[in-house]
Amino acid sequence: MARIIQTADLSPESNLSRNDTEWVYNGLDCAVTFEILEEILSHRDNVSTHTYAFSQALQAPVLEMSLRGILVNQSRRSRVLKTFRTQLELLEANLARLVTEGVGAPMFNWRSPVQLNNFLYSVMQLPVQRKRNSKGLMMPTSNREAIEKLSAYFIASPVCNHLLALRDLGKKIGFLETGIDPDGRMRSNFNIAGTNTGRLASAMSDFGTGSNLQNVDRELRSVFMADPGYKFANLDLEQGDSRNVGAICWNTFVETHGEVFAGSYLNACESGDLHTTVSKMVWPNLPWTGDPKKDKEIAEQIFYRQDSYRQMSKKGGHGTNYFGKDSTMAMHLKMPKAIIGEFQRSYFGQFPVIGSYSRDPKLTNWHNHVRQQIKDRAALTTLFGRRRHFFGRPDDDSTL
Numbered sequence: 188m189a190r191i192i193q194t195a196d197l198s199p200e201s202n203l204s205r206n207d208t209e210w211v212y213n214g215l216d217c218a219v220t221f222e223i224l225e226e227i228l229s230h231r232d233n234v235s236t237h238t239y240a241f242s243q244a245l246q247a248p249v250l251e252m253s254l255r256g257i258l259v260n261q262s263r264r265s266r267v268l269k270t271f272r273t274q275l276e277l278l279e280a281n282l283a284r285l286v287t288e289g290v291g292a293p294m295f296n297w298r299s300p301v302q303l304n305n306f307l308y309s310v311m312q313l314p315v316q317r318k319r320n321s322k323g324l325m326m327p328t329s330n331r332e333a334i335e336k337l338s339a340y341f342i343a344s345p346v347c348n349h350l351l352a353l354r355d356l357g358k359k360i361g362f363l364e365t366g367i368d369p370d371g372r373m374r375s376n377f378n379i380a381g382t383n384t385g386r387l388a389s390a391m392s393d394f395g396t397g398s399n400l401q402n403v404d405r406e407l408r409s410v411f412m413a414d415p416g417y418k419f420a421n422l423d424l425e426q427g428d429s430r431n432v433g434a435i436c437w438n439t440f441v442e443t444h445g446e447v448f449a450g451s452y453l454n455a456c457e458s459g460d461l462h463t464t465v466s467k468m469v470w471p472n473l474p475w476t477g478d479p480k481k482d483k484e485i486a487e488q489i490f491y492r493q494d495s496y497r498q499m500s501k502k503g504g505h506g507t508n509y510f511g512k513d514s515t516m517a518m519h520l521k522m523p524k525a526i527i528g529e530f531q532r533s534y535f536g537q538f539p540v541i542g543s544y545s546r547d548p549k550l551t552n553w554h555n556h557v558r559q560q561i562k563d564r565a566a567l568t569t570l571f572g573r574r575r576h577f578f579g580r581p582d583d584d585s586t587l
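Listed below in structure tokens is the structure:
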């Protein structure tokens, strides 16, 4: 006989049988979820309806990916794991010598944030790096970004470089030790709605095996095998990010500002070798010949330390496109701020459709267009019809 349970009157102290508890749980899971769906559907528009339909269509292939998994070469996995463990032991021994004989301090557990913080900031007395914790307080940190900053100090460089290498190896070993299923396959639970951007998210399977399979280090990919009769393939869109920027600038400005203004960056993308073309535009005084092959050789010459002009155009251009400030890019690219600033001034001079180094809000360009959209709507819609909402302060650089 069916029973009616007034869930509004229930509390954690309600004396329900286990059977009734499970009925209430499943009833709420179905009923409340459906009520939420009805409310959400009432707010749909053309943009969100398109995204919702696309997400629904992904359910079958994504479920197939989760169920199928990927075959693991067990012998290869064991060999790679053994190699990494040997490297880890060597690095730990080197670190111990640096700490005990070089610094003159007792060895510590490099995996312990508390002991590492004590060594870096109390023993070595390096400038304290801080990060905001979950309670909003700025606390000392020894995360990767902090150690990279500290590695710029001469006396700290050997220790920091060892710490970074140890952490990288530790992550690789952890991944190789990830549990696989009895059939020799590693599975991941893919989540269609797991990110704000529309990308998939992935984590361990529902059975506690597997891991995130979307960002596997190149050195670890050799442990996976294609199934008999199949081959692995890596499909990479040529200059996909750059062409996306060019297409946005064209769609946004061609009608109001003409083809020359809107198409300056897109034309560079279509030149055949974007990064050499950018190099020629940013450094016009180099002895360019007009011959694509010879010009690429010139662009491959060293610009700063180990980076060529072409590499700088690639990394610097990509970061600049997406509103990377000179100070932020200097930190990530390991270059002086002045070098980045000089590059950006020339870059924006050649591609005013993208942005302006002066950050003048009156100038018409993509960066200011995005800034205005965020200010007015707190949302952006991609060329593929997906809207993303931004809940941070609209004028913060982190939001932009």
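At position 393 of the sequence shown the residue is numbered 580 (our numbering), and the sequence of numbers has no breaks. We treat Cβ as the ideally placed atom computed from N, Cα and C, and that holds for glycine. All of these numbers come straight from a predicted model, not from anything done at the bench.
| Asked | Found |
| --- | --- |
| Report the partner residues of residue 566 according to the DSSP bridge assignment. | 576 |
| Would you check if the distance between the CB atom of residue 259 and the CB atom of residue 372 is smaller than 8 angstroms? | yes |
| Where residue 209 and residue 397 are concerned, what is the direct C-alpha to C-alpha distance, given to the nearest angstrom? | 29 angstroms |
| Am I right that residue 268 and residue 367 are in contact with their C-beta atoms under 8 angstroms? What's the rounded C-beta distance? | Not a contact, Cβ separation roughly 13 angstroms. |
| Ignore the nearest five residues each way along the sequence and tell me which others in residue 483's own chain have a CB closer than 8 angstroms to its CB. | 460, 463 and 497 |
| Report buried or exposed for residue 419, applying the criterion of at least 16 other Cβ atoms within 10 angstroms of its Cβ. | exposed |
| Assign residue 490 to one of two classes, buried (16 or more other C-beta atoms within 10 Å of its C-beta) or exposed (fewer than that). | buried |
| Apply the 10 Å Cβ neighbour rule to residue 264 and answer buried if 16 or more other Cβ atoms are within range, or exposed otherwise. | buried |
| What is the DSSP secondary structure of residue 521, reduced to helix, strand or coil? | coil |
| Skipping 5 residues on each side, what residues in its chain have a beta carbon closer than 7 angstroms to that of residue 349? | 278, 281, 282 and 285 |
| Mind checking which residues open and close the alpha helix (DSSP H) that includes residue 496? | 496-508 |
| Output the boundary residues of the beta strand (DSSP E) element that contains residue 489. | 489-491 |
| Report the option in 571, 577, 538 and 572 whose CA atom is closest to the CA atom of residue 557. | 577 |
| Between residue 544 and residue 584, what straight-line distance do the alpha-carbon atoms span, to the nearest angstrom? | 14 angstroms |
| What first and last residue would you give for the beta strand (DSSP E) that runs through residue 259? | 257-259 |
| Roughly how many angstroms separate the alpha carbons of residue 332 and residue 429, rounded to a whole number? | 27 angstroms |
| Excluding sequence positions up to five away, which residues of its chain have a Cβ less than 8 angstroms from the Cβ of residue 356? | 271, 274, 275 and 278 |
| Using 8 angstroms as the Cβ pair cut-off and three pairs as the minimum, do the segment 401-409 and the segment 284-302 touch? | no |
| Cα separation between residue 306 and residue 299? | 11 angstroms |
| Where do the ends of the alpha helix (DSSP H) carrying residue 325 lie? | Segment 325-327 is the beta strand (DSSP E) holding residue 325; no alpha helix (DSSP H) there. |
| Can you give me the start and stop residues for the beta strand (DSSP E) that residue 311 sits inside? | Unbroken run through residue 311: none, as it is neither H nor E. |
| Please work out which residues of its chain come closer than 8 angstroms, Cβ to Cβ, to residue 362, disregarding the five sequence neighbours upstream and downstream, and give them in chain order. | 398, 403, 404 and 407 |
| Leaving out the 5 sequence neighbours to the left and right, which residues in its chain are closer than 8 angstroms to residue 410 when beta-carbon positions are compared? | 259, 260, 263, 264, 267 and 363 |
| Which parts of the segment 265-343 are runs of the beta strand (DSSP E), unbroken and 3 residues or longer, counting only runs that do not cross its ends? | 317-319 and 325-327 |
| So, is residue 542 buried or exposed, given that buried needs 16 or more other C-beta atoms within 10 angstroms? | buried |
| Can you name the residues that DSSP bridges to residue 378? | 388 |
| Cα separation between residue 217 and residue 230? | 21 angstroms |
| List the endpoints of the continuous alpha helix (DSSP H) containing residue 199. | Residue 199 -> no alpha helix (DSSP H), and no H or E assigned at all. |
| With a Cβ-Cβ cutoff of 8 angstroms, do residue 207 and residue 192 count as a contact? | yes |
| Please state whether the Cβ-Cβ distance between residue 570 and residue 434 is less than 8 angstroms. | yes |
| Would you kindly report the start and end of the unbroken alpha helix (DSSP H) that includes residue 369? | Run containing residue 369: none; DSSP gives neither H nor E here. |
| Helix, strand or coil for residue 394? Go by DSSP, reduced to three states. | coil |
| Would you check if there are 3 or more beta carbon pairs closer than 8 angstroms linking the segment 440-459 to the segment 526-542? | yes |
| Alpha carbons only, please: which of 549, 239, 413 and 232 is nearest the one belonging to residue 256? | 413 |
| Going by DSSP, what residue range makes up the alpha helix (DSSP H) through residue 476? | Per DSSP, residue 476 belongs to no alpha helix (DSSP H) and is neither H nor E. |
| Taking the Cβ atom as the reference point for each residue, do residue 527 and residue 504 lie within a distance shorter than 8 angstroms? | no |
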